[in-house]
Amino acid sequence: MAEEEYYDSELSDKQKKEIAKWFLLNSPAGEIQYIAKDLKSVLNDERVYNEAAQEAFPLYNKSHLISLELPDRSGDVLITPYNELDKNEYLDPRDAQVATVNHVKQVCTEARPAVDEELPSPYIEEYRYALDAEMLKYVGEAYPKGVCSVYCVNGKDVEGPGSNFELVVVISAVKQSPKNFCNGSWRSVWNIEFKDEVQVLVIRGKIQVGAHYFEEGNVQLDAKNECKVETKFQAPEESAHSIANIIRHHEAEYLASLEASYSNLPDTTFKDLRRKLPVTRTLFPWHNTSQFSLTRDIQKELGIGK
Amino acid sequence: MEAAMGLMRRIHPKQSETALSALINLLPHHSSDLLSQVDQALQVLCDVDCGKEFILCEYNRDADSYRSPWSNKYHPPLEDALYPSLELRKLEIEANEVFAVYRDQYYEGGISSVYLWEDDDNEGFVACFLIKKDGSKTGHGRRGYLQEGAWEAIHVIQVGPEEEGTAHYCLTSTIMLSLTTNDESSGTFSLSGSIRRQMNMDLAIADGHLCNMGRMIEEMEGKLRNSLDQVYFGKTKEMVCTLRPPAEVVMRLPNS
């Protein structure tokens, strides 16, 4: 049978590396180090593991929008695809710093002041700064442990009115309580296109929520939501204010819809998998099952039923 | 092996099949351990004799063929295959009939199969009760809420020999499930997972083995369903509300 084939075909290092990468990339939020530990002992091959880790960790860190503490403990830097200057360098526009990170260890090793070319123009910075201030306020209120940042992803060198540009708001909140066998993450990415010629802001949001509970079992929640809203192009402060209001409103509504999905479970959605009680609303009559075979025999004799 | 099980405990339930085959490839000498300790998605075949579907598992497999509980025939046909004794087969037929009614009352659809075989180690026998239900709106979902919904239950009961009118029953149950709802305003919402529990009982066999096994399974399924709903789903909800607590009062003030 299939088992024998496994013995015959020794995996190449390349195949092993691909498998290792798959496990790392598919780690639940906040659990990659645990996966890495088990994976190392399953692989039993330091070199293959290291190669896989070098490739997988940066991708995982960026897609999970992890936040790392700056070496001087002055704050956090988010690891995202939007502020990546180099493989190991991430911009922190709030403090105009560039953090060097060790992806595999998931630590920030040093920070240096950003140079002018890495930062947006003063015109863009006005919009970015105003939005960052609004988001800090909102995230501080809404997320007990949230980290946020605002980046310019398009047109960072625009000098003044007349050109389009695009900002992105990233919000990341992670909660890990391995002692309670529970981990979770909330990730929001809001892209805001500033369309100069039509004086419109196009706002696109993507929210991803995951939770994992694994005490004597393995249950995971995955929820995703996308939306698109348009609003007026205004001065930096006014724009920031209306964007923050839209994000606040939408995220609150989304949380309410998640709660509604949960409260619908017992009586609607979960019922379609298995009812709490039988259709008869009484426990199954195991003591009296002979009646089932009996009715079936009669049906057969009379030629009714199936 | 311990590390492999650690990985299985963390990897997403929807990816457990991929993870299992990856682990078997990495640890070929542990493949039989892995296959027996990790529950896999249940497959189904159609009995060519009666047109009814039956569930495949290790317990009705011989070589590459699977025995149908309906016709007692192997699919594909197999010479010198293993069959339960006549006495056990009689109980197996009855168990399949009754369990199908049970399944219909709780699941309003789905497929079930029961397999029995002699337990050479302790003079008793082993029974395996399986249920597979597609609760999606394109499957057997009566209410049509689920974009995707799967429930699989595996109950294995070891029944010891009769001693002074009672027998020892050891039930190991696994439930694997996934459900996804999807609508434009709230997006996709998906829960999936698996849990496994054990229950031991000494019961008088005056009521019959089927009655005893059935009651244990019913109690266990009820408990598992309840703990998935209350504990497991509840914990993930708690987690979401820890990440971003609902602040209804603050949120609603601006409108009033």
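Protein chains in written order, with full-length UniProt numbering: chain V, 1 to 306; chain X, 1 to 256. C-beta: ideal position from N, C-alpha, C; glycine also.
Chain X contact for H287/V (CB, 7 Å cutoff): yes
Nearest to V98/X (by Cα), restricted to the options D49/X, S185/X, E219/X and M213/X: M213/X
Beta strand (DSSP E) segments (min. 3 residues) lying fully within the region 30 to 69 of chain X: 43 to 46, 53 to 56 and 65 to 67
Neighbour flag for L11/V against chain X, beta carbons, 7 Å: yes
Selection of the region 195 to 217 of chain V by Cβ proximity to chain X, strictly under 7 Å: V209, A211, Y213, F214, E216 and G217
Cα-Cα separation between K40/V and Y127/V, rounded to whole angstroms: 46 Å
Whole-angstrom C-beta distance between Q40/X and E17/X, which should lie under 8 Å: 6 Å
Nearest-angstrom Cβ-Cβ length linking L56/X and T289/V, presumed shorter than 8 Å: Actually they are not in contact, since the Cβ atoms of L56/X and T289/V sit about 26 Å apart, beyond 8 Å.
Residues of its chain near P13/X, where Cβ-Cβ distance is below 6 Å and the 5 sequence neighbours each way are ignored: S192, G193 and S194
Cβ of T242/X within 7 Å of any chain V Cβ: yes
Cα-Cα separation, V115/V to L91/V: 10 Å
Listed by chain order, chain V residues near Q37/X by CB distance under 9 Å: In chain order: nothing, as chain V lies at least about 13 Å away.
Boundaries of the beta strand (DSSP E) in which F165/V is found, first to last residue: F165 to S177
Cβ pair K14/V, A52/V closer than 7 Å: no
Selected residue, minimal CA-CA separation from K90/X, among D80/X, S71/X and D104/X: S71/X
Chain V contact residues for C211/X, given Cβ-Cβ distances below 8 Å: W286, H287 and T289
Backbone secondary structure at E5/V - three-state DSSP: A caution first: E5/V carries a pLDDT of 45, below 50, which makes its placement in the model unreliable, though a value can still be read off. Three-state DSSP puts E5/V in a helix.
Cα-Cα separation between T109/V and G140/V, rounded to whole angstroms: 26 Å
C-beta neighbour in chain V for I195/X, strict 7 Å: yes
Neighbouring residues, chain C, relative to E259/V (Cβ below 7 Å): Any reference to chain C falls outside this structure, whose protein chains are V and X.
Beta-bridge pairing of R112/V - partner residues as DSSP gives them: V98/V
Any 3 or more C-beta pairs closer than 8 Å across the region 139 to 156 of chain V and the region 265 to 276 of chain V: no
Candidates S177/V, F165/V and L24/V: closest to N61/V by CA position: L24/V
Range covered by the alpha helix (DSSP H) that runs through T10/X: It should be pointed out that residue 10/X corresponds to Arg in this sequence rather than to Thr. Residues E2 to R10.
Euclidean distance between Cα positions of L201/V and S242/V: 10 Å
Local Cβ density within 10 Å of L277/V, reported as buried at 16 or more and exposed below that: exposed
Contact between the region 220 to 236 of chain V and the region 191 to 208 of chain V (3+ Cβ pairs under 8 Å): yes
Whether R9/X touches F214/V by CB criterion (7 Å): yes
7 Å Cβ cut-off: residues of chain V touching Q15/X: N26
Span separating the alpha-carbon of A142/V from that of A244/V: 12 Å
Beta-carbon separation (whole angstroms), S172/V vs V147/V, contact threshold 8 Å: 5 Å
Three-way DSSP call (helix, strand, coil) for D72/V in this model: coil
Chain V within 7 Å of A4/X, Cβ atoms only: yes
Contacting positions in the region 21 to 52 of chain X - beta carbon closer than 9 Å to chain V: A22, L23, I24, N25, L26, L27, P28, H29, S31, S32 and L35
Distance cut-off 6 Å: G193/X Cβ against heavy atoms of the ligand PLP: In terms of ligand content, the structure shown is empty, and the ligand PLP therefore cannot be addressed.
Assigned exposure category for H170/V - 16 Cβ within 10 Å defines buried: Just to set this straight, residue 170/V is Val in the shown sequence, not His. Flag for V170/V reads buried.
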